[in-house]
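The working numbering puts the first residue of the sequence shown at 1276, with every later residue one more than the last.
Worksheet: the structure to be examined is printed underneath.
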Amino acid sequence: MMNLAAIVQTLRRSLLHIESKLLPPAGFDRQLVPALAVTGPSLLPPTHEQPQGLLDSIMWMAAPKKRRTIEVNRTRRRSETKLLKLQTNIVPCPECGHLKQKHVLCGFCYAKVCRETAEIRTKIKEMEGGPLRAASVETVVFYDGETPNEQDKDKRIVELPRKRPSWFSR
């Protein structure tokens, strides 16, 4: 099967051949007769390289035919699906009483735990002189009035001089 360019090329050659055979017997000079005009660039591949312009490399996108009115835009933006939903999973924290979502740690209590943990870490750092000298044993934290027992003999003991928080179980 021949491609389109080959078919057009064959047609062009045959028309030139017919033109060269018919014009001289009729008494016409070949150069004075107007040539057959065909819109070739759309059918034939380009013979010379055309410089690419800026707009040739752009992939054109679809554009709206009509402008959307303000009413249509506001209706779309404020649709029922985009409104805030009523939260039914908010409960008070059993420890501190602040509001929180169910199954989520209370932010206020989490901040307290972070402060307590940071204080324990600084105490460990003071005891051992840096993070690279840490012992590879379990750490036990004791507060005021607590004493170690037999099970805590081989563990690292951190003592803090205040009462144990109610949420920090032993």
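Glycine included, every Cβ here is placed at the ideal spot set by N, Cα and C.
Residue span of the alpha helix (DSSP H) that contains residue i, given as start and end
i	result
LYS1340	No alpha helix (DSSP H) contains LYS1340, which DSSP labels as neither H nor E.
THR1350	1345-1352
DSSP state of residue i mapped onto helix, strand, coil
i	result
ARG1431	strand
GLN1362	coil
LYS1296	helix
LYS1387	helix
LYS1438	coil
Cut-off 8 Å between Cβ atoms - residues of its own chain near residue i, not counting five sequence neighbours on either side
i	result
ARG1437	TYR1418 and ASP1419
CYS1381	CYS1368, GLU1370, CYS1371, HIS1373 and LYS1375
ARG1445	GLU1421 and ARG1439
Exposed unless 16 or more other CB atoms sit within 10 angstroms - verdict on residue i
i	result
VAL1416	buried
LEU1311	Bear in mind that the predicted position of LEU1311 carries a pLDDT of just 49, short of 50, making it too unreliable to give a figure here.
Span of the beta strand (DSSP E) around residue i
i	result
THR1414	1414-1417
GLU1407	The amino acid occupying residue 1407 in the given sequence is Leu; Glu does not appear at that position. Note, LEU1407: premise wrong, no beta strand (DSSP E); not H, not E.
LEU1380	No beta strand (DSSP E) contains LEU1380, which DSSP labels as neither H nor E.
Pairwise C-alpha distance: residue j and residue i
i	j	result
GLY1404	PHE1383	31 Å
LEU1361	TYR1385	25 Å
LEU1291	ILE1282	14 Å
ALA1337	ALA1301	56 Å
PRO1299	ASN1278	33 Å
ARG1390	THR1397	11 Å
SER1441	GLU1394	17 Å
ILE1399	HIS1378	32 Å
Own chain residues within Cβ distance below 7 Å of residue i, not counting five before or after
i	result
ILE1432	VAL1415, PHE1417 and PRO1423
VAL1412	ASP1429, LYS1430 and ARG1431
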